[in-house]
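Per our numbering, numbering of the sequence shown is gapless, rising by one per residue and ending at 211. Below you'll find the structure, written out as structure tokens, and then a few comments.
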Amino acid sequence: MTGVTGGGSLQRVVTRAQLRSRHETVVFQFNPTEISISHNAEGLADPIGPQDKEDARAFVHSIATRGSTRLVVSSLVFTGERCQTIVATLMDWVAERPPPGGKGKGRREPLRFEWGAADRGFDYSVELMRFDCTYTRFSRGGRPIRAELRNLTLHVLGHGAGDAAERGGHVNPAIGAQRGNRRPAGLPDDAALGPNTDPGRAWVKGRF
Numbered sequence: 004m005t006g007v008t009g010g011g012s013l014q015r016v017v018t019r020a021q022l023r024s025r026h027e028t029v030v031f032q033f034n035p036t037e038i039s040i041s042h043n044a045e046g047l048a049d050p051i052g053p054q055d056k057e058d059a060r061a062f063v064h065s066i067a068t069r070g071s072t073r074l075v076v077s078s079l080v081f082t083g084e085r086c087q088t089i090v091a092t093l094m095d096w097v098a099e100r101p102p103p104g105g106k107g108k109g110r111r112e113p114l115r116f117e118w119g120a121a122d123r124g125f126d127y128s129v130e131l132m133r134f135d136c137t138y139t140r141f142s143r144g145g146r147p148i149r150a151e152l153r154n155l156t157l158h159v160l161g162h163g164a165g166d167a168a169e170r171g172g173h174v175n176p177a178i179g180a181q182r183g184n185r186r187p188a189g190l191p192d193d194a195a196l197g198p199n200t201d202p203g204r205a206w207v208k209g210r211f
């Protein structure tokens with residue numbers, strides 16, 4: 004779908020944001036009004052608490068921590084009889100899954116976050132780290148029919164194209180799916196992307 008700007012040029016209308024795994028897709032009923040970027044530079048970590056200053060291991064861990072980027076969606080609203088199912092899906096994505104054989108640290112399911120036009124939107128492989136949910140409306144039978152989500156936090160793993168979730172699967176009837184391999188949003192056309200490029204840092208440099 005397109006729209007005409009004041010200058011007479013055609014412009015793609017922003018699509019509804021969506022978060023999907025291999026098997027299910029949750030499309031946001033209302034697009035986010037605010038997304039925060041939290042970036043931790045490579046070679047640095049969050050400040051060490053006072054209680055850990057004398058712990059050499061904590062200091063080394065702080066220095067060696069790999070850079071990371073998180074996207075935080077401040078507020079989302081889902082309405083209707085399926086809102087409880089959507090929240091359950093998000094809770095499942097937050098939970099760590101045990102590795103094959105049950106040994107070692109579990110991992111969260113890889114997801115893909117997409118929103119916007121191909122040349123200036125969001126397209127990232129992510130993990131869902133956390134969110135807060137409050138049900139604010141119920142049916143007469145006690146079923147939640149309105150859910151308010153806050154602080155939905157996505158840890159950026161890489162660029163969206165080619166990630167595991169791209170292999171597709173079932174689409175949650177709550178809504179639909181959309182695919183496409185596109186250049187990470189906001190990057191200059193001549194930006195070189197190597198295998199070790201931090202997508203969040205590149206995105207921030209491209210925008211600011």
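Note that beta-carbon positions come from the ideal geometry of N, C-alpha and C, so glycine has one too.
With at least 16 other beta carbons inside 10 angstroms of its own, Thr72 counts as buried. The beta-bridge partner set that DSSP reports for Asp126 consists of Glu117.
In the pairwise beta carbon analysis, the region 137-147 is classified as not touching the region 30-47: fewer than three pairs are separated by under 8 Å. Here the alpha carbons of Asn154 and Ser78 stand approximately 7 Å from one another.
Of the residues assessed, Gly124 falls on the buried side of the cut-off, its CB having 16 or more other CB atoms within 10 angstroms. For Ala150, the secondary structure class from DSSP, reduced to helix, strand or coil, is strand. Between Gly107 and Arg100 the beta-carbon gap is near 12 Å, outside 8 Å, which marks them as no contact. Residue pairing by DSSP places Cys136 opposite Leu152 in a beta bridge.
Sequence-distant Cβ neighbours of Ala150 in its own chain, meaning closer than 6 Å and more than five residues away, are Phe81, Cys86, Val90, Cys136 and Tyr138. Counting the other CB atoms within 10 Å of its CB gives Arg23 a total of 16 or more, which places it among the buried residues. In this structure, Leu131 lies away from Leu152, with their beta-carbon atoms at least 8 Å apart. The C-beta separation of Val129 from Leu157 comes to about 4 Å, placing the pair in contact by the 8 Å criterion.
In the structure shown, Gln21 falls within a strand segment according to DSSP collapsed to helix, strand and coil.
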